[in-house]
Amino acid sequence: DQQVKQNSPSLSVQEGRISILNCDYTNSMFDYFLWYKKYPAEGPTFLISISSIKDKNEDGRFTVFLNKSAKHLSLHIVPSQPGDSAVYFCAASAHGAGSYQLTFGKGTKLSVIP
Amino acid sequence: DAEITQSPRHKITETGRQVTLACHQTWNHNNMFWYRQDLGHGLRLIHYSYGVHDTNKGEVSDGYSVSRSNTEDLPLTLESAASSQTSVYFCASSRGTAYNEQFFGPGTRLTVL
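Chains A and B, in that order, are what the protein sequence lines are.
Under the working numbering, residues 391 to 504 are what the first sequence spells out, in order.
Under the working numbering, residues 581 to 693 are what the second sequence spells out, in order.
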């Protein structure tokens, strides 16, 4: 049973436009959510996170939105740049339940076309 | 600077051989994790450790083992390598803060022939 789902395996966006990556989760115990970015032949790197008590967190060009009632979060990248081309993983944590684990989605490959 | 390293970066082995992948972190993190990344599956947890002498099975632990004799290292052993274990392996560590942010190593690409 997949607890964190990224239903779009890939996404192509023109440079300068907005990229929207989506993520759904099923476990109500998740209280923190993170996005990781991964380039080929490198390890994933942390990008941005959000607590379940918030509905938005912004860091420069990156904004994460959380809709807790819908169990849905999204990552917005504005404006998109060619260097943003990577695989993006959504991850969730049930820290309040005493877990130190992250549950990852399968990832979305973003291609930003110049 | 603190970091997390993995070795080797690439490994080719034969079916049935024992293989050990190394992971070393200098952050003094208590929590360490091993994942495998496969096309269509994302990152799947193999084993994890919350401290010295503590080890736990993850989602895909069959055929793998770990041991934690110190804070810095969590080696992953494939007891008898199988072709299904051809994958990219990532090690990660975390402090255990609320967000459980994990820091990943560069990965080891393992091919089992």
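Here a beta-carbon is modelled for each residue, glycine too, at the ideal position from N, C-alpha and C.
All figures in this text were calculated on a predicted structure; none of them were measured in a lab.
Just measuring C-alpha positions, the residue of 685/B, 684/B, 680/B and 693/B sitting nearest residue 439/A is 680/B. Here the C-alpha atom of residue 631/B lies approximately 36 Å from the C-alpha atom of residue 459/A. Per DSSP, the unbroken beta strand (DSSP E) holding residue 611/B starts and ends at 611-618.
Between the stretch 422-438 of chain A and the stretch 667-683 of chain B there are three or more C-beta pairs closer than 8 Å, enough to call the two in contact. With a beta-carbon spacing of about 5 Å, residue 684/B and residue 434/A fall inside the 8 Å limit used to define contacts.
Out of 687/B, 651/B and 643/B, the CA that lies nearest to the CA of residue 610/B is found in 651/B. The residues 606 and 607, in chain order, have a CB closer than 6 Å to that of residue 582/B in the same chain once the five nearest residues on each side in sequence are set aside. Residues of the stretch 429-446 of chain A with a C-beta atom less than 8 Å from some C-beta of chain B are 431, 432, 433, 434, 435, 436, 439 and 441, listed in chain order.
Linking residue 457/A to residue 418/A through their CA atoms gives a straight-line distance of about 12 Å. When DSSP states are grouped into helix, strand and coil, residue 631/B belongs to the strand group. The contact set of residue 393/A on chain B, defined by CB atoms closer than 8 Å, is empty, because the minimum CB distance reaches about 11 Å.
Looking at the backbone, the Cα of residue 628/B and that of residue 644/B are separated by about 11 Å. Against residue 674/B, the close residues of chain A are 490, in the order they occur along the chain (beta-carbon pairs closer than 7 Å). At a beta-carbon threshold of 7 Å, the residues of chain B lying near residue 422/A are 678, 679 and 680, ordered along the chain. For residue 454/A, the enclosing beta strand (DSSP E) has its first and last residue at 452-457. Interface with chain A (9 Å Cβ-Cβ cutoff): residue 628/B is included. Under the three-state reduction of DSSP output, residue 685/B falls in the coil class, being neither helix nor strand.
Around residue 621/B, the beta-carbon contacts reaching into chain A at under 7 Å are 496.
Using a Cβ-Cβ cut-off of 7 Å, residue 479/A is close to 622 and 623 of chain B, given in chain order. Within the same chain, Cβ atoms closer than 6 Å to the Cβ of residue 602/B are found at 587 and 655, the five residues on either side in sequence being excluded.
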